[in-house]
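Notes follow the structure.
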Amino acid sequence: MGGDTERKRTKVARPAARVAAAALWLTVTLASACSRSAPPVPPGFIQVDIETSPSATDPRFSTDATSSRVNELVFDSLLKVDRDGQFIGDLADSFARTSPTELVFHLRHGIRFSDGRELTARDVKFTYDSILAPANLSPRRAAMVRLASIDARDPYTVVMTMRAQYAPALELGMQGIVPAGTAVRASTPRGSGPFMLTSFARDEAAVLERNPYRPYSGPLARGIVFKVVPDPTVRALELAEGVCDFAENNLEPYLLPYLIAQPGLEVSKSPGNGYRYLSFNFRDSRLKDVRVRRAIAYAIDRAAIVTSVRRGTARVATGMLSPENWAYDGDVKTYSYDPARAAALLEEAGYPRGAGGMRNLAFVYKTTPDQARLGEVIQAMLARVGIRITVRTNEFATFYSDIQNGNFDLTSMNWVGINDPNHYYMVFDSKMIPPAGYNRGAYANPAMDRLVEAGAVTLDPAERKTIYTKVQQLAAEELPYVSLWWDDTVVIMNRRLAGFQPYPNGSLRSLATVTLAGGSGAEPSR
Amino acid sequence: MIQFLARRMLALVPVALGVATLTFALIHLVPGDPVVAMLGESAAPTDIAGMRHSLGLDRPLLEQYGAFLGGLAEGDLGESISYRVPVARLIAERFPATLELAAAGLLVAILVAFPLGLIAGSRPGSAGDLAAMGFAVLGISVPHIYLGPLLMILFSLDLRWLPLTGRGGLAHLVLPAVTLGTALAAILARMLRQSLIQVRESDYMRTARSKGLGEAAVLIGHGLRNALTPVVTILGLQLGALLTGALITEVIFSWPGLGRLLISAINLRDYPLVQGCVLTFALSYVVVNMLTDVAYGLIDPRVRLS
């Protein structure tokens, strides 16, 4: 009997044993899978959290903002833009426009790539030529259509020849330079910048170390780990814990009060040039009426939006160019919140209030999930003056396709890093309707066309400034866009870092000279 | 058993074909253009046309579909449009991370659900039952997107026991696994409780008790085995949810898995990559359900895999 029970016991215990065995197997498998440990952030390095992975680490093939933030620390270019938006030499010791179509750059001597090779005009020519070669399918080729040729006159002289007189030609000098012979779409190409890219794992991290041929002194960071953290709340938590040392312009405004309350963090804001606007579709006859556009402008309380939605991290905008831009003119027609005036304009345009106070005016406002809140705010504000707005939210690719195809009434988007005022040509010239350019609302005005086309070819700076003053005034009168705000550059930094200089365009170039408390090589607190 | 497996493997072919066709149709039907996403909106029309041609996107859709299926038959998933590397290589890089997370989530679910289910199922209506089921309701109700950051604040920020994000050692796996496994644990615990209550008063249970076996031995030895079949069914079905739940968990914990790859592929309209990722998810779901059927046979000798 006893033996029988014993036998039964072993038998009945089997399922539980199986479950336990399976659990054990899973544990062992996982433990072995996890035996590789994550590379910790090395001493003396700083961690910067970014929201998306850079699209390309080869500067000849990258177009997104994250890539350019990382790449400008690794690659030098002929020119760079200073804090006031002016072009200054980077690789170029000096540069000059020698004829209406020719630019000459004299390179500094003794610049070295991170493998020790000297950077010469041959590398510059190679970089530009490999972008211009149609077979390489570089997404940057389109921006260089004005460039007819680039030549190395001698090892330290580069000559760019334009197809025609082109005022913003200096923008072409902003391309990061790679060594001659670098393979197309190289994963870790060499550069001559303050850092070199030592490893890159897509959607995980890009690790930068000092370029051994760029001497530096003082307690500076030895390297930077750009870690991809897609969730904004998690970026905030990483900052609060001190895992992450630095983040710029990628935290939702509602998280700022929490971050400001952290004793280990310093939150600062400075003027930025990211520009948010409301755009109209001129293919719609109702929106062609300037009174309707002005009524909408008067009905939107932009100061309230900046205070509530942006939590004060923006300035109410008067136009596309921010006050830091050399061509800025703030003396334009402005539209402060005035619902009574909006109502009067709508009456005048032939849209009287009907049942329930609403007018016979309904528009579709297209947006993306992360901007849906702004859509709802605008919807509520326009409802007050009797305009009905339907907010349609789609993920970005669908939204973008709609905007490109003119399939919207109203939308709001933003421009980041506007530098040369020739941007007005790209967005408001009647020839720039997609796919040619960015005039998505199909705005067409011969007076605007004449001005922006003249601005593109006028070389004298004073004369150019006069032209863009008129452009800004006309844009404010005509309202192809309602200017909403300019984003501030918001920097959140661990207090062990010091000396970061923000740029209006969000450049992180100053990370190369940020100092670390406790000196370089100090063990970060984590 | 081998015959059964072979038959089920063969059944994978029509499933793969169906999934491949549906994915192909859906991703090509939604608006958006991979070439514009890559070259930018101001690209010259000639460049756009050139790229479209080089990627084969200018061919008729039916021809593209044929080429896709042809490649699939040879095990070739094509080349990613945005990353310019073979889709299979990208998936091979990322899928282990997702599997690791899903397996860890499953482990957490089992480790939590079995004790809870046993406590609740052995004495329905007791304080233990109420507490266990209270936890279960909470576990089902709290979404990943909320639970993840909550666990981070508690275990990473306040207690400083575990790292916040990223993939690395076992410590990195704990929070995402708990986030992912909690809902499944809750479902399993409830299922097990219900199942145990049903078998509690069966004849064989009474017989076991009358033989003088202790209540624990009766419950675990006789009760659990018979209560397990419905639980395993749910487990198999929920593993799909675990894989897709990993999508959100991967974003929260910056976990470099297949889910995040799929999300960025969709945003970039990277057709071959979307197709490859969805196919991988779908086939793993089918394989898991096949394994569930095998598990029935192991748990219940009355089920014959023939």
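The listed protein sequences derive, respectively, from chains G and A. First residue of the first sequence: 58, per our numbering; consecutive thereafter. First residue of the second sequence: 178, per our numbering; consecutive thereafter. All C-beta atoms, glycine included, are put in the ideal place defined by N, C-alpha and C. Owing to the predicted nature of the structure, the values given are computational and were not obtained by experimental measurement.
Using 9 Å as the limit for Cβ to Cβ distance, is residue i near chain A?
i: Ala284 of chain G; result: Before going further, note that residue 284 of chain G is Lys rather than Ala in the sequence given. Yes, Lys284 of chain G lies at the interface with chain A (some Cβ there is under 9 Å from its Cβ).
i: Thr109 of chain G; result: yes
i: Thr255 of chain G; result: no
i: Ala429 of chain G; result: no
i: Ser469 of chain G; result: no
i: Pro314 of chain G; result: no
i: Arg53 of chain G; result: No answer is possible for residue 53 of chain G: the residues shown for chain G start at 58 and end at 583.
i: Asn462 of chain G; result: yes
i: Glu608 of chain G; result: Since the displayed chain G opens at 58 and closes at 583, residue 608 of chain G lies outside it and no answer follows.
Could you give the DSSP three-state label for residue i: helix, strand or coil?
i: Gly422 of chain A; result: helix
i: Gly372 of chain G; result: The residue you asked about is not Gly; residue 372 of chain G is Arg in the sequence shown. Strand at Arg372 of chain G.
i: Ala384 of chain G; result: coil
i: Lys284 of chain G; result: strand
i: Arg445 of chain G; result: strand
i: Phe201 of chain A; result: helix
i: Val300 of chain G; result: coil
i: Leu390 of chain A; result: coil
i: Ile429 of chain A; result: helix
i: His166 of chain G; result: coil
i: Lys522 of chain G; result: helix
i: Ala579 of chain G; result: With a pLDDT of 37 at Ala579 of chain G, under the threshold of 50, the modelled position of this residue cannot be trusted; read the value that follows with caution. Looking at Ala579 of chain G - three-state DSSP - the assignment turns out to be coil, as it is neither helix nor strand.
i: Ile549 of chain G; result: strand
i: Ser92 of chain G; result: Any reading at Ser92 of chain G must be qualified, since the residue scores a pLDDT of 43, below 50, and its modelled position is unreliable; no value is offered.
i: Thr114 of chain G; result: coil
i: Gln241 of chain A; result: helix
i: Val319 of chain A; result: coil
i: Arg367 of chain G; result: coil
i: Ala555 of chain G; result: strand
For residue i, which residues of its own chain have a beta-carbon under 8 Å away from its beta-carbon, when the five flanking residues on both sides are left out?
i: Gly255 of chain A; result: Phe245, Gly248, Pro263, Val264, Pro449, Gln452, Gly453
i: Pro561 of chain G; result: Arg140, Gly142, Ser327, Pro328, Gly329, Asn330, Ser379, Glu381, Thr546
Check whether chain G comes within 9 Å of residue i, counting only Cβ atoms and requiring the distance to be less than that.
i: Phe430 of chain A; result: yes
i: Gly294 of chain A; result: no
i: Leu186 of chain A; result: Per the sequence shown, the amino acid found at residue 186 of chain A is Met instead of Leu. Not closer than 9 Å to any Cβ of chain G, the Cβ of Met186 of chain A fails to qualify, so no.
i: Val451 of chain A; result: no
i: Gly248 of chain A; result: no
i: Val213 of chain A; result: yes
i: Gly413 of chain A; result: no
i: Asp224 of chain A; result: yes
i: Pro353 of chain A; result: no
i: Ser303 of chain A; result: no
Got a sec? Which residues, its chain only, sit under 6 Å from residue i by beta carbon, not counting five neighbours each side?
i: Val547 of chain G; result: Asn306, Lys326, Thr370
i: Ile617 of chain G; result: No answer is possible for residue 617 of chain G: the residues shown for chain G start at 58 and end at 583.
i: Ile204 of chain A; result: Tyr448, Val451
i: Asp115 of chain G; result: Arg242, Ala243, Pro246
i: Ala279 of chain A; result: Leu419, Leu420, Ala423
i: Gly325 of chain A; result: Thr356, Ile429
i: Gly248 of chain G; result: Val131, Phe132
i: Ala112 of chain G; result: Note that residue 112 of chain G is Ser in the sequence shown, not Ala. Excluding positions up to five away in sequence, the list reads Ser119, Asp121, Ser124.
i: Tyr481 of chain G; result: Val509, Val528
i: Lys284 of chain G; result: Gln104, Asp106, Ala262
Sorted by chain position, which residues of the same chain lie with C-beta nearer than 7 Å to residue i's C-beta, five sequence neighbours on each side aside?
i: Arg398 of chain G; result: Tyr355
i: Glu147 of chain G; result: Per the sequence shown, residue 147 of chain G should be read as Asp rather than Glu. Cβ within range, chain order: Asp133, Ser134, Leu135, Leu136, Lys137.
i: Leu254 of chain G; result: Thr114, Val131, Thr245, Ala263, Leu265
i: Val527 of chain G; result: For the sequence presented, residue 527 of chain G should be read as Lys rather than Val. Leu508.
i: Asp358 of chain G; result: Tyr394, Met438
i: Val351 of chain A; result: Leu339
i: Ala504 of chain G; result: Leu531
i: Arg344 of chain A; result: Ala274, Trp432, Pro433
i: Thr198 of chain A; result: none
Members of the stretch 269–302 of chain G near chain A, C-beta cut-off 8 Å: Lys284, Val285, Val286, Pro287, Asp288, Thr290, Val291, Leu294, Glu295, Ala297, Glu298, Val300
Contact residues within the stretch 192–210 of chain A, judged by C-beta distance below 7 Å to chain G: Val207, Pro208, Gly209, Asp210
Residues of the stretch 309–343 of chain A with Cβ closer than 9 Å to any Cβ of chain G, in chain order: Ile322, Gly325, Pro326, Met329, Ile330, Ser333, Leu334, Arg337, Pro340, Leu341, Thr342, Gly343
Residues from the stretch 424–458 of chain G in contact with chain A, defined by Cβ distance under 8 Å: Glu452, Phe453, Ala454, Thr455, Tyr457, Ser458
Residues within the stretch 163–193 of chain G neighbouring chain A, beta-carbon criterion of under 8 Å: Pro191
Members of the stretch 444–476 of chain A that neighbour chain G once the beta carbon cut-off is set at 8 Å: Asn444, Leu445, Arg446, Leu475, Ile476
Every unbroken beta strand (DSSP E) within the stretch 446–501 of chain G, with a cutoff of 3 residues, ordered by chain: 467–472
Secondary structure, beta strand (DSSP E): runs of 3+ residues fully inside the stretch 176–226 of chain G: 204–211, 214–219
Contacting positions in the stretch 221–242 of chain G - beta carbon closer than 8 Å to chain A: Arg242
Contact residues within the stretch 257–269 of chain A, judged by C-beta distance below 8 Å to chain G: Ser259, Tyr260, Arg261
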